[in-house]
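Here is the structure we will look at, set down as C-alpha cells.
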Amino acid sequence: MIRKNSKIASAHNNLGNIFMKEGRYEDALKIYKKAISMNPKSSDAWYFAGVAYEALMLQEEIAVKGGRGYQKKE
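Quick note: the sequence shown uses the numbering used here, first residue 195, plus one each step.
Here you go:
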C-alpha cells in the first residue's frame with residue numbers, strides 16, 4: 195500500500211508542477227497538500243508546496259504594490 199500511495203503522490207506532484215508552470219499557484223498548492231497527505235515523507239511534495247506558497251505570497255505582494263500605481267517623483 196505504501197508503494198501505491200507513493201506512486202499516486204508522485205503523480206500529484208507532477209500535476210502540481212504543471213499547475214505551477216501555468217501560474218495556477220493555488221491549484222498547485224492544493225495538489226501538493228494532497229500528495230503530502232498520501233505520502234508525508236515525500237520531500238518533493240513538501241518542497242514544491244513551499245515553492246507554491248512562496249509564489250502565492252509574491253503574487254499577493256505584487257498585487258498590493260501594483261495597486262498603488264506609478265507615482266512620479268518631482
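The beta-carbon is built from N, C-alpha and C at its ideal position, and this holds for glycine as well.
Quiz item: DSSP three-state call for Ile220: helix, strand or coil?
Solution: According to the sequence shown, residue 220 is Glu rather than Ile. Three-state result, Glu220: helix.
Quiz item: Helix, strand or coil: how does DSSP classify Asn199 here?
Solution: helix
Quiz item: Considering only residues of the same chain and omitting the five flanking positions on each side of Arg232, which have a CB-CB separation below 6 Å?
Solution: The question names Arg, but residue 232 in the sequence shown is Met. Hits under 6 Å: Asn199, Ile202 and Ala203.
Practice problem: Kindly indicate the opening and closing residues of the alpha helix (DSSP H) around Lys259. | Solution: Ser237 to Gly260
Quiz item: Residues in its own chain within less than 6 Å of Met195 by CB, not counting five upstream and five downstream?
Solution: Residue placement at Met195 is poorly supported in this model, since its pLDDT is 48, which falls under 50; the coordinates still yield a value, given next. Cβ within range, chain order: n/a, list empty.
Quiz item: Where does Asn208 sit, in a helix, a strand or coil, going by DSSP?
Solution: helix
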